[in-house]
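Chains as they are written, first to last, in my numbering: chain A, 8 to 122; chain B, 883 to 994.
Note that beta-carbon positions come from the ideal geometry of N, C-alpha and C, so glycine has one too.
Quick caveat, the model's predicted, so the values are computed rather than measured.
Written below as structure tokens is the structure these notes are about.
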Amino acid sequence: DAGITQSPRYKITETGRQVTLMCHQTWSHSYMFWYRQDLGHGLRLIYYSAAADITDKGEVPDGYVVSRSKTENFPLTLESATRSQTSVYFCASSDIFSGAQETQYFGPGTRLLVL
Amino acid sequence: RKEVEQDPGPFNVPEGATVAFNCTYSNSASQSFFWYRQDCRKEPKLLMSVYSSGNEDGRFTAQLNRASQYISLLIRDSKLSDSATYLCVVSPLKAAGNKLTFGGGTRVLVKP
Numbered sequence: 008d009a010g011i012t013q014s015p016r017y018k019i020t021e022t023g024r025q026v027t028l029m030c031h032q033t034w035s036h037s038y039m040f041w042y043r044q045d046l047g048h049g050l051r052l053i054y055y056s057a058a059a060d061i062t063d064k065g066e067v068p069d070g071y072v073v074s075r076s077k078t079e080n081f082p083l084t085l086e087s088a089t090r091s092q093t094s095v096y097f098c099a100s101s102d103i104f105s106g107a108q109e110t111q112y113f114g115p116g117t118r119l120l121v122l
Numbered sequence: 883r884k885e886v887e888q889d890p891g892p893f894n895v896p897e898g899a900t901v902a903f904n905c906t907y908s909n910s911a912s913q914s915f916f917w918y919r920q921d922c923r924k925e926p927k928l929l930m931s932v933y934s935s936g937n938e939d940g941r942f943t944a945q946l947n948r949a950s951q952y953i954s955l956l957i958r959d960s961k962l963s964d965s966a967t968y969l970c971v972v973s974p975l976k977a978a979g980n981k982l983t984f985g986g987g988t989r990v991l992v993k994p
């Protein structure tokens, strides 16, 4: 049972480059989320998706783009990376039909460094 | 003011002792409450949901005080493996896909 995976796990890029972080879940969960975690701020929601082709902004969406053409994938793109986007990025999923419907399951995270 | 506030710690706890800590939330409309655990450089994982009547899961007890808008977590008979950061999480909704708001975490270090 693969669960929820993220790739790459580590990424170094330069200011101004486009970067895409991948998230894949094998549970067919309806909901998927992207968070960033920074010291002093905790986890903050970037974007979320209720189903394929349905996405919405979270608390800190500026500079990020998401898409969800398939239920199992939810890529996050940094259109033009900035140093302030250096962070740890977590993808999560949850399912409206499961008994533990309020639980969000997190992927292992992607550590991104923007130089 | 942050929506969810926690004492960052660290709480240094002797093995076998009891430790308790709180978190406060500002949105009185919050409906769902959770404690997540996060090990160093790992992803958060659900520790337990917090219900109005309080609930217990083994050595862990969670309480909710709606009047004062705080939740608490108590760990009894602390184990070395309990060393982690504990994240307080609230949501305004009782439904899947609810947008969770995370506190900054309370770090607990259990020492022999």
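Close partners of T110/A in chain B (Cβ separation under 9 Å): F916, L928, S931, A978. Assignment of beta-bridge partners to G49/A by DSSP yields D45/A.
For L929/B against F915/B, the beta-carbon gap comes to about 12 Å, at or over 8 Å, which does not count as contact.
Put simply, the CB of P115/A is near chain B, with a gap under 8 Å to one of its CB atoms. Three or more beta-carbon pairs separated by less than 8 Å link the segment 938-958 of chain B to the segment 885-903 of chain B, which places the two stretches in contact. Put simply, the CB of G65/A is near chain B, with a gap under 8 Å to one of its CB atoms. For the pair F893/B and N909/B, the Cα-to-Cα distance works out to about 26 Å.
R43/A is positioned such that its CB atom lies closer than 8 Å to that of V67/A.
Among the CB atoms of chain B, none fall inside 8 Å of the CB of Y54/A. Chain-order list of chain B residues neighbouring L83/A: empty, with the shortest C-beta distance near 15 Å, by a criterion of under 8 Å. If you draw a straight line from the Cα of S973/B to the Cα of K981/B, it comes to about 6 Å. According to the DSSP secondary-structure assignment, R989/B is paired through a beta bridge with T967/B. Contiguous alpha helix (DSSP H) elements confined to the segment 908-952 of chain B do not occur, taking only those with 4 or more residues.
For D63/A, DSSP records a beta bridge to Y55/A. According to the DSSP secondary-structure assignment, P896/B is paired through a beta bridge with K993/B. Chain A has a Cβ within less than 8 Å of the Cβ of F984/B. Between the segment 54-69 of chain A and the segment 18-36 of chain A, the count of C-beta pairs closer than 8 Å stays below three; the two stretches do not touch. L962/B sits in a helix when the DSSP states are folded into three classes.
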